[in-house]
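Peer 1:
2 protein chains.
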Amino acid sequence: MNADELQQLDQNLNWHPCAQMKDYETFKPLIIKSAYGSYIELANGKKIIDAISSWWCKSLGHNHPLLKEALFKQIEKFEHVLFAHTTHDTIVQLAQKLTALSLNLNKVFYAGDGSSAVEIALKMSLHTRTLKSQKHRQRFIALKNGYHGETMGALSVSDLALYKQPYAEMLFTPIFIEAAYVDNLDSPLWNDANAHWLKTERILEQYADSTTAIIVEPIIQGAAGMRIYSADFLARLASWAKYHDIHIIADEIMTGIGRTGKMLACEYANVEADFVCLSKGLTSGWLPFSVVLTSDAIYQLFYDDYDRGKAFLHSHTYSGNALGASLALATLTIIEKDNFCVRARELQTILYAHMKEIADKTHLLHNVRAIGAIVAADFVWGHNEKYNRLLAQQAARIGILIRPIGSTLYWLPPLNISLQTLTDLKGLTLQALLQVTP
Amino acid sequence: MNADELQQLDQNLNWHPCAQMKDYETFKPLIIKSAYGSYIELANGKKIIDAISSWWCKSLGHNHPLLKEALFKQIEKFEHVLFAHTTHDTIVQLAQKLTALSLNLNKVFYAGDGSSAVEIALKMSLHTRTLKSQKHRQRFIALKNGYHGETMGALSVSDLALYKQPYAEMLFTPIFIEAAYVDNLDSPLWNDANAHWLKTERILEQYADSTTAIIVEPIIQGAAGMRIYSADFLARLASWAKYHDIHIIADEIMTGIGRTGKMLACEYANVEADFVCLSKGLTSGWLPFSVVLTSDAIYQLFYDDYDRGKAFLHSHTYSGNALGASLALATLTIIEKDNFCVRARELQTILYAHMKEIADKTHLLHNVRAIGAIVAADFVWGHNEKYNRLLAQQAARIGILIRPIGSTLYWLPPLNISLQTLTDLKGLTLQALLQVTP
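Line by line, the protein sequences give chains F and E. Each residue of the first sequence is one higher than the one before, counting from 0 in my numbering. Each residue of the second sequence is one higher than the one before, counting from 0 in my numbering.
1. Using beta carbons (cut-off 7 Å, strictly below), is Tyr305(E) in contact with chain F?
2. Please report how far the alpha carbon of Glu356(F) lies from the alpha carbon of Arg402(F), in whole angstroms.
3. Distance, Cα to Cα, Trp189(F) vs Ile248(F)?
4. I'd like to know whether the C-beta atoms of Pro287(F) and Tyr317(E) end up nearer to each other than 7 Å.
5. Is the segment 251 to 268 of chain F touching the segment 298 to 316 of chain F, taking contact as three or more C-beta pairs under 8 Å?
6. Assign Arg226(E) to one of three DSSP states: helix, strand, or coil.
7. Is it true that the CB of Phe274(E) sits closer than 7 Å to the CB of Ala120(E)?
8. Return no unless some Cβ of chain E is closer than 7 Å to the Cβ of Lys21(F).
9. By how many angstroms is the C-alpha of Ala230(F) removed from the C-alpha of Asn269(F)?
10. Using DSSP with H/G/I as helix, E/B as strand and the rest coil, what is Arg201(E)?
11. Does DSSP put Leu286(E) in a helix, a strand or coil?
12. Give the secondary structure of Ala83(F) by DSSP, where H, G and I count as helix, E and B as strand, and everything else as coil.
13. What do you get for Glu118(F), buried or exposed, if any count of 16 or more other CB atoms within 10 angstroms of its CB means buried?
14. Look at the alpha carbon of Thr435(F) and the alpha carbon of Leu390(F), and state the distance between them as a whole number of angstroms.
15. Within the 7 Å Cβ cut-off, does Ser318(E) reach chain F?
16. Here's the rule: buried if 16 or more other CB atoms are within 10 angstroms of the residue's CB, otherwise exposed. What is Tyr180(F)?
17. For Thr85(F), go through chain E and note every residue whose CB falls closer than 7 Å to its CB, in chain order.
18. With H, G and I counted as helix, E and B as strand and the rest as coil, what does DSSP make of Leu263(E)?
19. So which of Phe71(E), Ala234(E) and Lys309(E) has the shortest CA-CA distance to Ala272(E)?
20. Work out the CA separation of Gln347(E) and Thr361(E) for me, nearest whole Å.
21. Under 7 Å between the Cβ atoms of Arg138(E) and Tyr206(E)?
22. Given a cut-off of 7 Å on the beta-carbon distance, is the pair Ser294(F) and Asn144(F) in contact?
23. Output the distance between the C-alpha atoms of Leu184(E) and Lys57(E), rounded to the nearest integer angstrom.
24. Please tell me whether Ser53(E) and Leu411(E) are closer than 7 Å, where the distance is taken between their beta carbons.
25. Got a sec: which bits of the segment 0 to 20 of chain F sit with their beta carbon under 8 Å from any beta carbon on chain E, in order along the chain?
26. What residues in its chain sit with their C-beta under 8 Å from that of Ile30(E), if we drop five residues either side in the sequence?
27. Of all the CB atoms in chain E, is at least one closer than 7 Å to the CB of Ile370(F)?
28. Ends of the beta strand (DSSP E) at Ala167(F)?
29. Rounded to a whole number of angstroms, what is the C-alpha to C-alpha distance between Thr85(E) and Leu12(F)?
30. Short of 6 Å in beta carbon distance, which residues of its chain neighbour Arg226(E), apart from the five on each side in sequence? Order them along the chain.
31. Using the DSSP secondary-structure output, state which residues sit across from Tyr109(E) in a beta bridge.
32. Can you pull the chain F residues whose beta carbon is under 7 Å from the beta carbon of Ile74(E), in chain order?
33. Mapping the DSSP letters down to three states, classify Phe378(F) as helix, strand or coil.
34. Evaluate His315(E) with the Cβ neighbour count: other Cβ atoms within 10 Å of its Cβ, from every protein chain shown; 16 or more gives buried, anything less gives exposed.
35. Between the Cα of Phe175(F) and those of Leu161(F), Tyr166(F), Ser157(F) and Ala167(F), spot the shortest distance and give me the residue it belongs to.
36. With burial defined as no fewer than 16 other Cβ atoms inside 10 Å of the residue's Cβ, what is the status of Ala153(F): buried or exposed?
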C-alpha cells in the first residue's frame, strides 16, 4: 500500500480518538514506520521528536531494548492467563515493587487503563461505606479543571465541560473545589496556601459527613493545561480528609513513576493517599495496564467469609495481564536503577530554561512553569483552538510531535531524552511558533 | 522464590479480581509456569485444561505461534504511538478486516477493554441525540440478566444486582426488558417468539420516543449463566428499534469473532446493529484491546468543521495500540483462513454430546444447551455458591479450569482445542462432579 492509499483507507475506515475527523481531510495523518527512543520515524523517512511521549505514556521512550527483552522473556512463558485464583512470578515481583513505593499502600488491584483504575478506586471507596455502615457517605469531591478519564465514573469526577456535556444524563455530580494554583514552584503559595485553604475549608465543611472520597491529580493537572498547584494546599486537603474519615484518591496516571521527579507526585506534599491510580508511564506506554494501590485497612474491610457478601466483585478480563506486568516490572526496575527521578529533576531545569528562552525570544508565551520532566507555558493570546491545530501541524511538518492544550504549550518528553534532542526540540519549537501566527 | 513464598507474597500483596480474598487462605492460587494451546502448566508440573479460555478470551488458545510471530514483527517496527493524527499499516489492514464483517458497519473506533468499548457505544449513541436535536431521547433499554462490564456506564446497563448494589448512587437507570429464553436452538421459540414479543412491545411502546439505544448481548448472555434467547426475539426487537429510530448496541465482547459459530452472533437474527463492541477473542486474549464498529451514518453526524463543536472528544491513550492491532489482525486472519466459524459449529455438536453424557450419567445437570463453542447445563439443585467454589477447586486439582456461574456449569474452550483434549475434559469434569457434593 502506498502512502496515499493508506491515508485514504484510514480516512474511510478509522475513527481517531479525540478528533474532529474532518480535520484529517486537510492535514493527512502521519504514517508511522517505526519508533525508537524519543523519535518517531514516518513512512517518508522524516524523523519526529515525540515531545509529549505519545500522550504522556512513553516514559522510557520507544522500543527500549530492556523492555523488549522483558516482554519476550514473558512471552516465552505465557502471555495471559486469567488472574482469578492464579498467580505467577512476574506479578508477585511487580507487587513487591509497587507496594514499596509508599509506607501504607500495600495491596495492588490490577486493571486495564487509567479510566478503569479510577473507576475501581471510586467503587472501592464507595463500597467501604456500605461495609462500614456509613451509607450517608455517598458524595465525591473533585478539583475544578480536573481530568480523570472518559468512562462514566471517571468522566463524572472530571471538570471539563466540553467532554461531559452531551452525556450529562448519564453522569453523577460531585462537588468541585478549586486548587491553589501557583505560577511555579518558587511561588510562596507552594509552601503556604493558608488563605486559600481557609476559604476552601469553609466550603468543604458542609460535606464533611456526607463525602466518601476526594479525587485529585496531585500537584499538577494535566488536561487542564499542565496547571501546577500548591503542595501545601494538597497537604491541608489530605489532612482535612483524614480528620473527617474521607478517602483521598490520587490519580497519578500522568504524574506517577518518576514523571514529576518523585516516584509519586503526592510525595511533594508528604501525602499518602488511600488509593493511588497508576497507568501510562507504568509500562512505559507499551500497552494498556493499570493498577490501584490501596491500604491493608481498606482491604480488610472486604475480607471475610464469602457468605458475608463483602467481596469486591469487580472482574476484569485482563487484570494482572502478564505482558503488561512484565513491562511494568522492567520499567520500575530501570526507573529505580538508573535514578530517573533524579534525572527528571535535572530535566526540570533544562526544560524550563529552554522554554523560557523561547518565551523571551518570541514574546508569544508567558507563565513558564516546570515540574520534573514537564514544562508548560501559556500563549499570550489565550486559547485559540484553530491556532493550536495549525501549530501542531506545522510542528509535525518540521519534526516535532506537540499537542497544545487550550491556551498551553507543553513538553512532556521521555525521561531518557538526550540533551541534543532537547536542544533540537527547542529550536524546532521556536521555528514552528514563528512560522504560524494566530 | 519457592511456591510457598510466592503464594504467601501473593496473599500479602495482590488483590485478585472478582474474589473474596479470604478464599485464597484455604485454596492457594495456582502458580502459572507456562501456557500453550488449551493447556496451562503449573509450577508443580501439573497441566490443566483451560476449559473457559481464561474468562472467554483465548479464542486461539495460549501462545499461538502465528500470533507470537505477528506480535514480534510489530515490535520490530514500533509498539505504540498515539493514534491522534497518525496511522499505520497494521491498523488500516485491521480496519479493512473489521469493516468487512458486516454490510454497514464501516467505521472503527479503538479502545482498551470490553467495558470501555461499551462506554464508547453508549456515549456515541447519546451524543447523536444532541447532534440531531433529539434531546428527548436520553433513555437506555437493556436486557434483564444482562452484563456489559464494570465501569459506571457499563455497570448501569447491566442487570446483576450483586455487582451493582454498593454503587447505586453513581449509576443511571435504564429500562430492563426480558428476552425470550430458549432451552436450546431446537426450541420453536428460537424461530418464533411472537407471543413473548407482543408482551414486550406493549412495555416498550411507552419508551419509543424517549430512548436512544437498546443494548444487548446478542443471542446468549454470558455472565447470566450462558442463557440463550430467541433469534426471532432479537430480530423483532431490532426491527422495532429501527422503526422508532432507536440504536441497537450489540455487545459481542464474548460472542464475537467466531465464538458462536458466526463472526458476529447478530447474524443468527440477521440483525445489523448500529454499534458492535468487540474485545476478548479479538486478540485471542493476549492483551487489552477493543473496538466499536459503527456506521457511516453515525460517523457523519459528528463530521463537520471543528468550530461547530460536533467532534467525539473521547480520548484514550492506547486507542489503536499497535501491539493489540497486530494480534487482532493475525487472529482475524487465522479465524477466517482456517474456517473457525465452521469449526465452532462442529464443536457445538461435540460439546453438547459430551455435556449431555455427563448430565445423563450423573443426573446432577439438566437444561444442556450449546451454541458454537459454548456449552452449558444447570445444576439440579440450582445456585449454591459454596458448591461452585468447591467444584472449581476440585476441578483445578485434577486438571481442568472451570468457573461455574450461579446455577450453571459451562465450557467455553479455545476454538482450536483437540478432540482428545475434549474427551479428557469430559472425563475430568465427570470425575470432579462425582467427587464434590453440595
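C-beta: ideal position from N, C-alpha, C; glycine also. Everything numeric in this text was worked out from a predicted model, so none of it was measured.
Peer 2: Inspection of the coordinates gives the following:
1. Within the second sequence, numbered from 1, the residue matching residue 305(E) stands at position 306. Taking 7 Å as the CB threshold, Tyr305(E) lines the interface with chain F.
2. In the first sequence, counting from the first residue as 1, residue 356(F) sits at position 357. In the first sequence, counting from the first residue as 1, residue 402(F) sits at position 403. One C-alpha to the other measures close to 20 Å.
3. As a working note, residue 189(F) is residue 190 in the first sequence. As a working note, residue 248(F) is residue 249 in the first sequence. If I take the Cα positions, the gap works out to 21 Å.
4. The residue you call residue 287(F) lines up with position 288 of the first sequence. The residue you call residue 317(E) lines up with position 318 of the second sequence. It is a contact, given that the beta carbons lie within the stated cut-off.
5. Output reads no: the segment 298 to 316 of chain F does not touch the segment 251 to 268 of chain F.
6. Here the question's residue 226(E) lines up with position 227 in the second sequence. For Arg226(E), the secondary structure class from DSSP, reduced to helix, strand or coil, is strand.
7. Reading the second sequence from its first residue, position 121 is the one you call residue 120(E). Reading the second sequence from its first residue, position 275 is the one you call residue 274(E). It is a contact, given that the beta carbons lie within the stated cut-off.
8. Translated into the one-based positions of the first sequence, residue 21(F) becomes position 22. The beta-carbon of Lys21(F) is placed less than 7 Å from the nearest beta-carbon of chain E.
9. Working through the first sequence from its first residue, we reach residue 269(F) at position 270. Working through the first sequence from its first residue, we reach residue 230(F) at position 231. Cα-Cα distance, rounded: 9 Å.
10. Walking along the second sequence from the start, residue 201(E) turns up at place 202. Arg201(E): helix per DSSP, three-state reduction.
11. Translated into the one-based positions of the second sequence, residue 286(E) becomes position 287. Coil.
12. Stepping through the first sequence from its first residue, residue 83(F) is reached at position 84. In this structure, DSSP gives Ala83(F) a state outside helix and strand, which the three-state scheme calls coil.
13. For the purposes of this step, residue 118(F) is taken as the residue at position 119 of the first sequence. Buried, by the Cβ-count rule.
14. If you number the first sequence from 1, residue 435(F) lands on position 436. If you number the first sequence from 1, residue 390(F) lands on position 391. According to the sequence provided, residue 435(F) is Val. The question's Thr does not apply to it. Straight-line measurement puts the Cα of Leu390(F) at about 6 Å from the Cα of Val435(F).
15. Within the second sequence, residue 318(E) is the residue found at index 319, counting from 1. So, interface residue.
16. Here residue 180(F) corresponds to residue number 181 of the first sequence, with the count starting at 1. Sixteen is the threshold: when 16 or more other Cβ atoms of the shown chains lie within 10 Å of the Cβ of Tyr180(F), as they do, the residue is buried.
17. Numbered from its first residue, the first sequence carries residue 85(F) at position 86. Those within 7 Å of Thr85(F) in chain E are Pro28, Leu29 and Ile31.
18. By one-based count along the second sequence, residue 263(E) stands at place 264. Looking at Leu263(E) - three-state DSSP - the assignment turns out to be coil, as it is neither helix nor strand.
19. Here residue 272(E) refers to the residue found at position 273 when the second sequence is read from its first residue. Cα-wise, what sits closest to Ala272(E) is Ala234(E).
20. On the second sequence, position 362 is the one that residue 361(E) refers to. On the second sequence, position 348 is the one that residue 347(E) refers to. Distance between the alpha carbons of Thr361(E) and Gln347(E): 21 Å.
21. For the purposes of this step, residue 138(E) is taken as residue 139 along the second sequence, with counting starting at 1. For the purposes of this step, residue 206(E) is taken as residue 207 along the second sequence, with counting starting at 1. A contact, by the Cβ cut-off of 7 Å.
22. Residue 294(F) sits at position 295 when you count from the first residue of the first sequence. Residue 144(F) sits at position 145 when you count from the first residue of the first sequence. Cβ distance not < 7 Å, so Ser294(F) and Asn144(F) don't count as in contact.
23. For the purposes of this step, residue 184(E) is taken as residue 185 along the second sequence, with counting starting at 1. For the purposes of this step, residue 57(E) is taken as residue 58 along the second sequence, with counting starting at 1. A direct Cα-to-Cα measurement between Leu184(E) and Lys57(E) gives close to 25 Å.
24. Here residue 53(E) refers to the residue found at position 54 when the second sequence is read from its first residue. Here residue 411(E) refers to the residue found at position 412 when the second sequence is read from its first residue. With contacts defined by Cβ atoms closer than 7 Å, Ser53(E) and Leu411(E) do not form a contacting pair.
25. Contact annotation: in the segment 0 to 20 of chain F, residues whose CB is within less than 8 Å of a CB in chain E are Met0, Leu5, Gln6, Leu8, Asp9, Asn11, Leu12, Asn13, Trp14, His15, Pro16, Cys17, Ala18, Gln19 and Met20.
26. Here residue 30(E) refers to the residue found at position 31 of the second sequence. Close CB contacts of Ile30(E) within its chain, under the 8 Å cut and outside five residues either way in sequence, are with Ala2, Leu5, Gln6, Leu41, Ala42 and Asn43 (chain order).
27. Within the first sequence, the letter at position 371 stands for residue 370(F). By this cut-off, Ile370(F) is not an interface position.
28. Reading the first sequence from its first residue, position 168 is the one you call residue 167(F). Per DSSP, Ala167(F) lies in no beta strand (DSSP E) segment and is marked neither H nor E.
29. As a position in the second sequence, residue 85(E) is number 86, starting the count at 1. As a position in the first sequence, residue 12(F) is number 13, starting the count at 1. Approximately 14 Å between the Cα atoms of the pair.
30. What you label residue 226(E) is simply residue 227 of the second sequence in a count that begins at 1. Tyr180 and Gln220, listed in sequence order.
31. Counted from its first residue, the second sequence places residue 109(E) at position 110. Its beta-bridge partners are Val290(E).
32. Residue mapping note: residue 74(E) aligns to position 75 of the second sequence, counting from 1. Against chain F, a Cβ distance below 7 Å from Ile74(E) picks out Lys67.
33. As a position in the first sequence, residue 378(F) is number 379, starting the count at 1. Strand, per DSSP.
34. Within the second sequence, residue 315(E) is the residue found at index 316, counting from 1. Under the 10 Å beta carbon count, His315(E) is surrounded by 16 or more other beta carbons and is classified as buried.
35. As a position in the first sequence, residue 175(F) is number 176, starting the count at 1. Ranking the options by Cα distance to Phe175(F), first place goes to Ser157(F).
36. Position 154 of the first sequence holds residue 153(F). Answer is buried; the Cβ neighbour count reaches 16.
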